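Residue numbers for the sequence shown, in the working numbering: 85 to 213.
Idealized CB from N, CA, C, for every residue including glycine.
Because the structure is a prediction, the values reported are computed rather than measured.
Some notes on the structure that comes next.
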Amino acid sequence: MDDLADCREVFAYFDSKGDERISVQQVGDVLRALGQNPTEAEIHRCIGSFDREARLSFEDFVPIFQSVSKNRFVFYDIRKMCNSLTSSEKHTVEEFVEGLSHFDKEGNGMINVAELRHLLTTLVVIRNK
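The following block contains the structure:
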């Protein structure tokens with residue numbers, strides 16, 4: 085797994101000006117595309133030292149990602165598994181359920197519909213890049 089390469093790929097997707105930077109206002113969207121679910125307070129805490137009109141380089145973004153990342157390795161594993169669904173690599177239902185179980189916050193064998201929607205949307209954004 086190359087977590088940094090995945091992070092760079094998503095970061096580049098949000099670089100709308102081609103200057104290898106993102107707007108400080110895009111930080112939350114990029115974090116969510118990377119499978120994170122930061123609160124607005126967490127985002128503001130991370131970007132508080134930047135001007136509202138600032139554009140962040142990848143080097144500026146990495147520490148922000150690292151400070152809010154939760155389950156980043158789990159997310160990668162699920163993404164890898166989903167990407168392989170169309171390849172010749174086979175996974176069992178149990179492996180897929182185990183990957184999703186990391187998002188079962190209550191430990192009751194279920195995940196929130198909104199969280200599943202976010203997870204699947206994030207996978208589509210990254211896969212269609």
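- Task: Determine the DSSP secondary structure at residue 127, reduced to helix, strand or coil.
- Result: Here residue 127 corresponds to residue number 43 of the sequence shown, with the count starting at 1. When DSSP states are grouped into helix, strand and coil, residue 127 belongs to the helix group.
- Provide the residue(s) that pair with residue 106 in DSSP beta bridges, ordered along the chain. On the sequence shown, residue 106 is found 22 positions in, with the first residue counted as 1. Beta-bridge pairing links residue 106 to 140.
- Query: What are the start and end residues of the alpha helix (DSSP H) that includes residue 180?
  - Reply: For the purposes of this step, residue 180 is identified with residue 96 of the sequence shown, where counting begins at 1. From DSSP, the alpha helix (DSSP H) with residue 180 extends over 177-185.
- Message: So, with DSSP's three-state summary, where would you put residue 122?
- Response: Position 38 of the sequence shown, counted from the first residue, corresponds to residue 122. Three-state DSSP puts residue 122 in coil, outside helix and strand.
- Simplified DSSP assignment, three categories, for residue 145: Within the sequence shown, the letter at position 61 stands for residue 145. Reduced to three states, the DSSP call for residue 145 is helix.
- Using three-state DSSP, classify residue 112 as helix, strand or coil. Position 28 of the sequence shown, counted from the start, is the residue given in the question as residue 112. DSSP places residue 112 in helix when its eight states are reduced to three.
- Determine the closest residue to residue 101 out of 139, 194 and 180, with distance taken between C-alpha atoms. Counting from 1 along the sequence shown, the entry for residue 101 is found at position 17. It is 139.
- CA-to-CA distance, residue 187 to residue 150, given in whole angstroms: On the sequence shown, position 66 is the one that residue 150 refers to. On the sequence shown, position 103 is the one that residue 187 refers to. For residue 150 and residue 187, the gap between their C-alpha atoms comes out near 19 angstroms.
- Message: Output needed for residue 113: all residues of its chain with C-beta closer than 8 angstroms, excluding positions within five of it in sequence on either side, in chain order.
- Response: Counting from one through the sequence shown, the residue named residue 113 turns up at place 29. Correct list, in chain order: 98.
- Contact set for residue 126: own chain, Cβ-Cβ below 7 angstroms, skip 5 residues either direction: Against the sequence shown, residue 126 aligns to sequence position 42. Around residue 126: 152.
- Burial state of residue 147, where buried means 16 or more other Cβ atoms lie within 10 Å: The sequence position of residue 147 within the sequence shown is 63, counting from 1. Residue 147 is exposed by the Cβ-count criterion.
- Which term fits residue 94, buried or exposed, when burial requires 16 or more other beta carbons within 10 angstroms of its beta carbon? Indexing the sequence shown from 1 puts residue 94 at position 10. Buried.
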